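Chemist: Got a structure here, written out as structure tokens. Questions coming.
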Amino acid sequence: MQQVQTKKHVKRLKHSRYITGFDGIRALAVVGVIIYHLLPYKLQGGYLGVPTFFVVSGYLITDLLLQEWEQNGKIDFWGFYARRIKRLYPALVFMLVGTGTYITLFQRSLLTNLRSIITTNMLYVYNWWEVGHGQSYFDRFNGESPFTHLWSLSIEGQYYLIWPLILTAMILIIRKRRTIANILLVLAIGSGVLMGLLYTGPATLNRVYYGTDTRMFSIVFGALLAVIWPSTHLKKHVSTTSRWTLNVIGLISIAIIAYLYFQLSGQNTFTYRGGMFIMAIASTTLIAACAHPGADINRWLTNPVFHWIGTRSYGIYLYQFPVMIFYEIKVQNIASHPLMHATIEIALIMIISELSYRYIEAPLRHYKYSNLGRSIYEFFQPSSVYGWKRLWLVPALFLIGVSVYGSAISPTKDAKNVLQENITQNEKASSAKNKAALAKQKKASKLSANQKRMKKLLKKKLTVKQYKIAKHYGLNKRQYLMVYQQPLTAIGDSILADNSRDLQHVFQNAYVSAAVGRQIWQAGQVLTQMKKKNELAPNILINLGTNSPMTSAQINSVIKSIGPKHQIFWVTTHVPTRNWESEVNRTIRAAAKRHKNVHVVDWHAYSLNQRDWFWQDNVHPNPKGNVHYTHLIAKSISDFYDKK
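Right, here's the structure in full:
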């Protein structure tokens, strides 16, 4: 009697291959992201490594699913989900538990929303939570979270959950690859268009940056490529012309990616209205060239270093923010040696990633969870084969217990400290004074422009109140009288928000617009709107650079938007906890040399080694520091007009 053999379900074709160059592409992507986070002024578009990750995932997963369908006539959904969970969950859980434990024990200022953050990450919906609750991905100072970067893992998790179902439905209903490809192309274009439509400025940045619908085009491009360019259907032997065509396409793609890495800022409107879409296309064409066995790109992107980084890229990406955030909180002088500290942080990330890969990711990825019950039973037997390894249970339970405790006690809102209360009170006081300041500025502008009246004003005696103010801020009579009626528009971030009350105490006609977390690209929009309303004073004070680096192009754009008829007093930044401090200050000084109407107020040099002038963060001036900060601004503006 003939025996009927049952064909075993396999997940891919026998002649499928491991494309080593993909490790190189992953390496380029994760290196771009790491450099951007550590040295954003060196690689302002490094965050675009994430779309490359998305395209790689879209291609590989779809390619494997299609192989499985060709081999078996179906897709084993539960097998697919099990493999994804075994691949992704162990390191993610360890990172969440470890980070939660560290926060609970050593950094309780970051406890806010810890329970929600861990829960949404475990469910792979953290990106949508970030839309409503999270900070901007580009806010590099204001209470930065060690979990911010996990938004992309949630998008991938959602893709892994629903894509096998959608792909199966498309195969059964539509059948033709060309039609499926056309549908995917429409979806990708629709997602890119939606990103451009929804982005209207800073207010919609989180929605556009974190939203699954506005970011899915990168993954869909990868899936589209797998449909029309399946790895198992590509021929190794091609003509010389075809080989060099593929190579040129790959090299051009790398050149475009490199250009965007260096040029495309996350604050640039074009990023969301075409730039990121172009990045996804360039990544797709690079993957297409790399996947083809007849091209040389795969070989060029294959080497031991790229292989090591690529195979550990998940862990490197996962652990980067906790290492960076905790390191930069504890080390207060990052700005003094930015490259040295960046090197130390990279080393720590690599060490942790390697340990995670060896002892968590690789073992649990291949572990047969069907044996879990038996393993637990054997673990607690007196003559257990696990031996001394059972001691790891103690720290494991400790980490889990502490992180659970931290999640349980985590507040849903930040408890305001003295600095935050001061900023809140100042914002309310400034709002009331600003209305009066705008009304007075036209009259004060005419007064300051009239030299005879200015000379007459300087001969006045100080009132008792004026004398006390001048003395408190270390100003002589001439300095005080020179500035107290000067019309001034002050634009800044939390440093200025912290100081606004002092500034308006001296400058009675000052209009202050300060916001926590403000960056230069946002300030440019504020200044442009004020200029349209004719609300800009002849004197402009700018204090920016705390929250992110600034490029020469960005500074030039702000100066151009203000115009040459205004005198601009630009305050250098004191932010030793961030590696861009020196770069920002060099850029400000260089701008002052290029523009006659730009003058440097060197707060960085003036406050150097004056630790008692600052709050605990060593960035925001305390009451004593605010007196010195106001003195320097008043003296700088007074000295300028005294020389005229």
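Residue numbers for the sequence shown follow the UniProt record's numbering, so the first one is 1 and each next one is one higher.
Where a beta carbon is used, it is the ideal one built from N, C-alpha and C, also for glycine.
Small disclaimer: the values here were computed from a predicted structure and weren't measured.
Are there 16 or more other CB atoms within 10 angstroms of the CB of Arg178, so buried, or fewer, so exposed?
Modeler: As a working note, residue 178 is residue 178 in the sequence shown. It is exposed - the Cβ of Arg178 has fewer than 16 other Cβ atoms within 10 Å.
Chemist: Since Ile491 contacts Ala537 with CB under 8 Å, what's their CB separation in whole angstroms?
Modeler: Your numbering for residue 491 matches position 491 in the sequence shown. Your numbering for residue 537 matches position 537 in the sequence shown. Their Cβ separation, rounded to whole angstroms, is 11 Å, which puts Ile491 and Ala537 out of contact at 8 Å.
Chemist: What residue from Val584, Ala432, Tyr36, Val55 has the CA that sits closest to Ile155's CA?
Modeler: Counting from one through the sequence shown, the residue named residue 155 turns up at place 155. Taking only the C-alpha atoms, the option nearest Ile155 is Val55.
Chemist: Leaving aside the five residues before and after Ala449 along the sequence, list all residues of the same chain whose C-beta is less than 7 Å from its C-beta, in chain order.
Modeler: Translated into the one-based positions of the sequence shown, residue 449 becomes position 449. Any answer about Ala449 is weak, because its pLDDT of 49 lies below 50 and its placement is not dependable; what the coordinates show is given next. The beta carbon of Ala449 is closer than 7 Å to none in its chain, skipping five residues each way along the sequence.
Chemist: Could you tell me which whole alpha helix (DSSP H) segments of length 4 or greater appear in the region 451–531?
Modeler: Listed in chain order, they are 451–458, 464–472, 477–483, 494–506.
Chemist: With a threshold of 8 Å, are at least 3 pairs of Cβ atoms found where one atom belongs to the region 310–329 and the other to the region 20–27?
Modeler: yes
Chemist: May I have the straight-line CA-CA distance separating His307 from Leu397, to the nearest angstrom?
Modeler: What you label residue 307 is simply residue 307 of the sequence shown in a count that begins at 1. What you label residue 397 is simply residue 397 of the sequence shown in a count that begins at 1. Near 34 Å, if we compare the C-alpha coordinates of Leu397 and His307.
Chemist: CB-CB under 6 Å to Val402, same chain, minus the five flanking residues each way: which ones, in chain order?
Modeler: Along the sequence shown, read from residue 1 onward, the residue named residue 402 stands at position 402. Contacts found: Thr101, Thr104.
Chemist: Looking at Asn543 and Thr573, is the spacing between their C-beta atoms short of 9 Å?
Modeler: Position 573 of the sequence shown, counted from the first residue, corresponds to residue 573. Position 543 of the sequence shown, counted from the first residue, corresponds to residue 543. Yes. Within cutoff.
Chemist: What's the call for Thr120, buried or exposed, on a 16-neighbour Cβ count within 10 Å?
Modeler: Numbered from 1 along the sequence shown, position 120 holds the residue referred to as residue 120. When all chains shown are included, Thr120 counts as buried.
Chemist: Would you kindly report the start and end of the unbroken alpha helix (DSSP H) that includes Phe217?
Modeler: Position 217 of the sequence shown, counted from the first residue, corresponds to residue 217. Phe217 -> alpha helix (DSSP H) spans 212–228.
Chemist: Whole angstroms is fine: what's the gap from Thr551's alpha carbon to His620's?
Modeler: If you number the sequence shown from 1, residue 551 lands on position 551. If you number the sequence shown from 1, residue 620 lands on position 620. For Thr551 and His620, the distance between alpha carbons rounds to 23 Å.
Chemist: With a threshold of 16 other CB atoms inside 10 Å of the CB of Met340, please say whether the residue is buried or exposed.
Modeler: In the sequence shown, residue 340 corresponds to position 340, counting from 1. Met340 comes out exposed.
Chemist: Would you mind working out which of Val506, Ile346, Asn206, Glu354 sits nearest Tyr467, comparing C-alpha positions?
Modeler: If you number the sequence shown from 1, residue 467 lands on position 467. Ranked by how close their Cα comes to the Cα of Tyr467, the residues Val506, Ile346, Asn206, Glu354 have Val506 in first place.
Chemist: So, under 8 Å CB-CB, Asn247 and Ala295 are touching, yes? Tell me the CB distance rounded to an integer number of Å.
Modeler: Against the sequence shown, residue 247 aligns to sequence position 247. Against the sequence shown, residue 295 aligns to sequence position 295. Right, the Cβ-Cβ distance comes to about 6 Å (below 8 Å), so this counts as a contact.
Chemist: Can Phe321 and Phe106 be called in contact, C-beta distance under 9 Å?
Modeler: Counting from 1 along the sequence shown, the entry for residue 321 is found at position 321. Counting from 1 along the sequence shown, the entry for residue 106 is found at position 106. No, the Cβ-Cβ distance between Phe321 and Phe106 is not below 9 Å.
Chemist: Return the CA-CA distance between Asn534 and Thr528, expressed in angstroms with no decimal places.
Modeler: Start at 1 with the first residue of the sequence shown, and residue 534 comes out as number 534. Start at 1 with the first residue of the sequence shown, and residue 528 comes out as number 528. Roughly 10 Å between the two C-alpha positions.
Chemist: Grouping DSSP H, G and I as helix and E and B as strand, with all else coil, what is Trp570?
Modeler: The sequence position of residue 570 within the sequence shown is 570, counting from 1. In the structure shown, Trp570 falls within a strand segment according to DSSP collapsed to helix, strand and coil.
Chemist: As an exercise, report each continuous alpha helix (DSSP H) stretch of at least 4 residues that is fully enclosed by the region 560–625, in chain order.
Modeler: If you keep only unbroken alpha helix (DSSP H) runs of at least 4 residues inside the region 560–625, you get 581–594, 603–606.
Chemist: State buried or exposed for Asp642, treating a residue as buried only when at least 16 other CB atoms are found within 10 Å of its CB.
Modeler: The residue you call residue 642 lines up with position 642 of the sequence shown. Counting of Cβ neighbours within 10 angstroms places Asp642 among the exposed residues, the total staying below 16.
Chemist: Secondary structure at Tyr369, three-state DSSP: helix, strand or coil?
Modeler: Counted from its first residue, the sequence shown places residue 369 at position 369. Residue state, collapsed to three classes: helix.
Chemist: Evaluate the contact criterion for the region 596–607 versus the region 560–578: three or more CB pairs, one atom per stretch, below 8 Å.
Modeler: yes
Chemist: In the region 237–279, which residue ranges form an unbroken alpha helix (DSSP H) of at least 4 residues, counting only runs that do not cross its ends?
Modeler: 240–263
Chemist: Just verifying my parser: in three-state terms, what is the DSSP assignment at Ile174?
Modeler: What you label residue 174 is simply residue 174 of the sequence shown in a count that begins at 1. Reduced to three states, the DSSP call for Ile174 is coil.
Chemist: Helix, strand or coil for Asn303? Go by DSSP, reduced to three states.
Modeler: Within the sequence shown, residue 303 is the residue found at index 303, counting from 1. Coil.
Chemist: Any chance the CB of Thr577 is under 8 Å from a heavy atom of the ligand MG?
Modeler: The model on display carries no ligand, and the ligand MG is accordingly not part of it.
Chemist: Please list the terminal residues of the continuous alpha helix (DSSP H) segment that includes Asn534.
Modeler: Walking along the sequence shown from the start, residue 534 turns up at place 534. It is not in any alpha helix (DSSP H) - Asn534 carries neither H nor E in the DSSP assignment.
Chemist: Helix, strand or coil, according to DSSP, for Ile19 in the structure here?
Modeler: Within the sequence shown, residue 19 is the residue found at index 19, counting from 1. Note: Ile19 maps to coil in three-state DSSP.
Chemist: Put Asn206 into one of helix, strand or coil per three-state DSSP.
Modeler: Sequence index remark: in the sequence shown, residue 206 carries index 206 (1-based). In the displayed model, Asn206 falls within a helix according to three-state DSSP.
Chemist: Short of 6 Å in beta carbon distance, which residues of its chain neighbour Leu475, apart from the five on each side in sequence? Order them along the chain.
Modeler: The residue you call residue 475 lines up with position 475 of the sequence shown. Counting only Cβ-Cβ distances below 6 Å, and skipping sequence neighbours, we find Ala634.
Chemist: For Phe80, does the count of other Cβ atoms within 10 angstroms reach 16, so buried, or fall short, so exposed?
Modeler: Here the question's residue 80 lines up with position 80 in the sequence shown. Burial call: buried.
Chemist: Ordered along the chain, which non-local residues of its own chain (more than five positions away) have a Cβ less than 8 Å from that of Ile309?
Modeler: For the purposes of this step, residue 309 is taken as residue 309 along the sequence shown, with counting starting at 1. Once the five neighbours on either side are set aside, the close Cβ partners of Ile309 are Asp23, Arg26, Ala27, Val30, Val31, Ile316.
Chemist: Beta-carbon separation of Val516 and Gly545 under 9 Å?
Modeler: As a working mapping, residue 516 is identified with position 516 in the sequence shown. As a working mapping, residue 545 is identified with position 545 in the sequence shown. Result no, Cβ atoms of Val516 and Gly545 do not sit closer than 9 Å.
Chemist: Since Gln519 and Gln135 are thought to touch, with beta carbons under 8 Å apart, how far apart are those beta carbons, to the nearest angstrom?
Modeler: Position 519 of the sequence shown, counted from the start, is the residue given in the question as residue 519. Position 135 of the sequence shown, counted from the start, is the residue given in the question as residue 135. Gln519 to Gln135, Cβ: 12 Å. No contact.
Chemist: So Tyr511 packs on Val627, CB below 8 Å; how close in whole Å?
Modeler: Position 511 of the sequence shown holds residue 511. Position 627 of the sequence shown holds residue 627. Contact doesn't hold; Cβ gap of about 21 Å is too wide.
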